[in-house]
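A.B. asks: Under UniProt numbering, think of the first position of the sequence shown as 1, with each following residue one higher. Every residue gets a Cβ at the ideal spot worked out from N, C-alpha and C, and that includes glycine. What follows is a single structure, and I will ask about it in a moment.
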Amino acid sequence: MLPHDRVLTSRLLPRAWNAKRPTISTRCRSVKATGKKWTVKQPVRKGPHGAWTRPPDIKFADAATRSKLVQADTFIPWLISRLNTLVERSKDAGFATFARNLIEILPQRSIRTALETQNPRLPSQSEWQPSEQSRPLSLLISLQQAFMSNGESGVDTQLKYSYHGLLASQKFSKVDIENQEKLADLRYPVEWYPATRAVQRNIILHVGPTNSGKTYHALKRLEQADTGIYAGPLRLLAHEVYTRLNAKGKLCDLITGDEKVVQGGDGAQMKSCTVEMVPLNTDVDVAVVDEIQMIGHKERGWAWTQALLGLKAKEIHLCGEERSVPLIRELVASMGDKIEIHTYKRLTPLITMSTSLRRRLSNLRKGDCVVVFSRVGIHAMKKEIENVTQKRVAVVYGSLPPEIRAQQANLFNDPDNDYDILVASDAIGMGLNLAIKRVIFESVSKFNGFRIETIGPAHLKQIAGRAGRYRTAAQADAPARNLDEDKEGSKTSLSMPASNPGLVTTLEEADLPILRKAMLGELDPIMSAGIFPPTSVLLKFATYFPPSTSFSYILLRLHELSLRHPRYHLCILKDQIAIADTIQPVQNLTIHDRIVFCAAPATAKNTGMPAILAAFARCVGDNSSGALLDIPEIPLNILDEDIKMDRNYMERLESLHKALILYLWLSYRFAGVFINQAMAVHVKRLVEERIDKMLAEYSSSPAIRERIRKMREEALRQISKLNESVAELGDSRGQMEMPDAPLLPGGAPDQEQFFQQENARLEEKSQDTGNHHRLCPSETPDYTRERVD
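Printed below as a string of structure tokens:
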């Protein structure tokens, strides 16, 4: 039982509240909603240490920062502020009473011990049901975990679930709870794939940094096989491998969430897929799973775990970062399969420059790639670079049609034309074949759909690693290096060193310390693999609830009760809850139908998407016509209008594009309902052409470019302000570490010192091999010249 009889201490409440707690009415008066930002006024009473610290605005806080804010004693004041806001907005009198009671209970109960307890899972209903006293303690733990994972939206969802849980708990008998907990035992995911467990598989793990050739070696083995599967994290990569295999005479199908290209009537022996679409029941000789480190992703990790545990392949090649090795070893051992580990080194060195470009686009040179994190920003940057440098610029980002994307990549890779510079999204970090000499980050923060956040070190390093690309796929025809057996039976691939390094820097000087700290830091090993309950478990679990029970509550209940092995974590419910609530009123949907819709590529918060989701769900529930022209919620009429250069028109186009992607995705799951695939593909292309044309024109406006610049400056100020707030709250790790590498003022390495270090290394190596070789200036790269292709 969690203790509940202590007064809150300074770890959880501001000092003034510890010294002398104000009454509940005083606390309620201290909270006020002001526009879109929730702030807390200074309390009327002050303790001996003065007024308590105002909770910082969490709009720009990422998960790591939210965790620090919790440790810095700001969560309770923020939660009280949020509860008061929800009370004012709620139309449900019962929920409003529930929130008011929680506001009154929070400052009066001892919860310090509860918050210090590191529970591996959320407390189950049965854990806090017997005791009225312990209920707020467990609820607060759940709210704190939801806050650290998903911020404000996570807290709102958990509050809603807890309220419905209180109502539903009266209907559960002890036997019902025991049966639910038995089905929620997710400790042994390897048992979910019995057919695969009957196959003895050989797992080959290719690990190393970016630009080390690990994926190249795996794909060469795939090309030699009679049957095989490639699974990658992006549609871009699936398209690239699909094109590559077909160009080499290996017929290959393409399978992504919203697109299927089948060769012939029965399909080809090779398949290139996004990892979520891997056909688990297909027997193949070789499978390649790219970017295996994403197995630890908090949202998508389940797809990589499913591929690793469930693929029926004799050989599975996993490509990714070295920090995934310990976890993969454990998983393979639990399955009884064999494992080989091939370790690679970068084919070219990677150097972080000592200075940024200081926004001087005139300093751009041939082979540079400017990374921008929005489509409008990409087109604006392209126009600005062309105006300043008088050079032609190629663009690459995920939503470009495959043909245009391949054309743009080829223009940039070809050294004999005048497309010297590339502007691209962060999609290049996942392994697209581009001959980039220098990566320049336009910003180290981006909008994640809800807030602007700083990009994580792992993602920054992965994008930066694309600089100094050794060779493109078309050039990579040299035979693989011999593999040397190590003492443990693994294999290590020694990559051939190259003299032409990659460079990485930022456009703005303020971003450079963040980039350099990320490049210097060591990434933590991946501790657990993501899982998500399979459809069979969800179907059985739902049978223990009345037919009228909200499906979102069933999902949350399963997550709450789930038991997991420490090597696995349950992937968070990001959009599934909102989708489940959106389609809840639709009649005649089976549980299986609702499961399919909750997995759809849609966000109920997007403009117009709730109505579109509900309309698609009604088509399935009523088994009515899902013809594209028969669904009035799809705003096809926008195609009859002339292009308008305003934000509202752009949002309507994007809404239509998302609706068409969802239609295509559902057409592969409910083929008898959504019957106009070909028409949807055609209309989707028309919409993409309009969006691209509008983006190009929209971003050419000086006013738009100025607005983007001001948004970036505001984001930098907010991130800086938040970092200062965290530092004031006790974070003593705010100082950036700077590299000791010898650098010239312009960002190039000190070549003389480079010669000395490299010659010392070669001299040491020559003592073992007997081959003596020294570097001279003519053999080292000239960092001041343009890239030599």
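Does the region 344-354 touch the region 203-218, meaning 3 or more C-beta pairs lie closer than 8 Å?
C.D. replies: Between the region 203-218 and the region 344-354 there are three or more inter-stretch CB-CB distances shorter than 8 Å, so the stretches are counted as touching.
A.B. asks: Would residue 790 and A427 qualify as a contact pair, given that the criterion is a beta-carbon distance under 8 Å?
C.D. replies: What is shown of the chain runs 1 to 789, which leaves residue 790 out entirely.
A.B. asks: On the three-state DSSP scale, how would you describe L167?
C.D. replies: helix
A.B. asks: If you compare alpha carbons, which of N648, E299 and P533 is closest to R187?
C.D. replies: P533
A.B. asks: Can you give me the C-alpha to C-alpha distance between A458 and V175, rounded to a whole angstrom?
C.D. replies: 46 Å
A.B. asks: G320 by DSSP, collapsed to three states: which one?
C.D. replies: strand
A.B. asks: Can you give the Cα-Cα distance for L432 and V395, rounded to whole angstroms?
C.D. replies: Cα to Cα, the separation comes out at about 13 Å.
A.B. asks: The beta strand (DSSP E) spanning R375 covers which residue range?
C.D. replies: Unbroken run through R375 is the alpha helix (DSSP H), R375 to T389; no beta strand (DSSP E).
A.B. asks: Under three-state DSSP, which class holds D486?
C.D. replies: The pLDDT assigned to D486 is 38, lower than 50, so where the model puts this residue is not dependable, and the model offers no usable value.
A.B. asks: If you compare alpha carbons, which of N606, G608 and R690 is closest to K644?
C.D. replies: Here the closest residue by C-alpha is R690.
A.B. asks: Indicate the three-state DSSP secondary structure (helix, strand or coil) for M270 in the structure shown.
C.D. replies: If DSSP states are grouped into helix, strand and coil, M270 belongs with the strands.
A.B. asks: Below 6 Å CB to CB, which residues in the same chain sit around I631 once its five sequence neighbours on both sides are set aside?
C.D. replies: A615
A.B. asks: Three-state secondary structure (DSSP) at H657?
C.D. replies: Looking at H657 - three-state DSSP - the assignment turns out to be helix.
A.B. asks: In terms of DSSP beta bridges, what is L219 paired with?
C.D. replies: Answer is none; L219 lacks a bridge partner.
A.B. asks: Are the CB atoms of F441 and D515 within a distance shorter than 8 Å?
C.D. replies: Checking the sequence shown, residue 515 turns out to be Leu, not Asp. Yes.
A.B. asks: Would you mind sorting G770 into buried or exposed? The rule is 16 or more other CB atoms within 10 Å of its CB.
C.D. replies: Its pLDDT being 40, under 50, G770 is placed unreliably in this model, and the value from its coordinates should be taken loosely. Label assigned to G770: exposed.
A.B. asks: Touch check for the region 314-329 and the region 593-607: three-plus C-beta pairs under 8 Å?
C.D. replies: no
A.B. asks: Mark Q306 as exposed unless 16 or more other C-beta atoms lie within 10 angstroms of its C-beta, in which case mark it buried.
C.D. replies: buried
A.B. asks: Can you tell me which of A247, I452 and F674 puts its alpha carbon nearest to the alpha carbon of D622?
C.D. replies: F674
A.B. asks: Counting C-beta neighbours from all protein chains within 10 Å, is the total for H239 16 or more, i.e. buried, or is it exposed?
C.D. replies: buried
A.B. asks: Taking Cβ positions, are I579 and A604 nearer each other than 8 Å?
C.D. replies: yes
A.B. asks: Please work out which residues of its chain come closer than 7 Å, Cβ to Cβ, to P610, disregarding the five sequence neighbours upstream and downstream, and give them in chain order.
C.D. replies: Answer for P610: T582 and A604, listed in chain order.
A.B. asks: Leaving aside the five residues before and after L361 along the sequence, list all residues of the same chain whose C-beta is less than 7 Å from its C-beta, in chain order.
C.D. replies: E384, I385, V388 and T389
A.B. asks: Would you report the Cα separation of D266 and G228, rounded to the nearest angstrom?
C.D. replies: 15 Å
A.B. asks: State yes or no: is the C-beta of D418 within less than 8 Å of the C-beta of R392?
C.D. replies: yes
A.B. asks: Would you tell me roughly how many angstroms separate the C-alpha atoms of S67 and L561, rounded to the nearest one?
C.D. replies: 24 Å
A.B. asks: What separation, rounded to the nearest whole angstrom, lies between the Cα atoms of T355 and L364?
C.D. replies: Cα to Cα, T355 sits roughly 14 Å from L364.
A.B. asks: Using only the alpha-carbon positions, how far apart do M694 and V199 sit?
C.D. replies: 52 Å
A.B. asks: Closest by CA to residue 791, which one among A671, E330, C619 and Q224?
C.D. replies: This structure gives no information on residue 791, because the portion of the chain shown stretches from 1 to 789.
A.B. asks: Let's test the definition: count the other Cβ atoms within 10 Å of the Cβ of D640 and tell me whether it reaches 16, buried, or not, exposed.
C.D. replies: Counting Cβ neighbours within 10 Å, D640 comes out exposed, since fewer than 16 surround it.
A.B. asks: Is it the case that the region 514-530 contacts the region 550-561, given that we only count it when at least three CB pairs across the two stretches are under 8 Å?
C.D. replies: no
A.B. asks: Between which residues of its own chain and S552 is the CB-CB distance below 6 Å, once the five residues before and five after are set aside?
C.D. replies: I577, A580 and D581
A.B. asks: Keeping to the same chain, check which residues put their C-beta closer than 6 Å to that of L422; ignore five residues upstream and five downstream.
C.D. replies: A distance below 6 Å between beta-carbons, with the five flanking residues on each side excluded, links L422 to the following residues of its chain, in chain order: C369, A394 and F412.
A.B. asks: For my contact list, Q180 and Y568 are in at a C-beta cut-off of 8 Å; report their separation, rounded to the angstrom.
C.D. replies: Not confirmed; about 19 Å, so no contact.
A.B. asks: Between S624 and V261, what straight-line distance do the alpha-carbon atoms span, to the nearest angstrom?
C.D. replies: In this model, S624 and V261 are separated by some 27 Å (Cα to Cα).
A.B. asks: For N637, which of helix, strand or coil comes out of DSSP?
C.D. replies: Reduced to three states, the DSSP call for N637 is helix.
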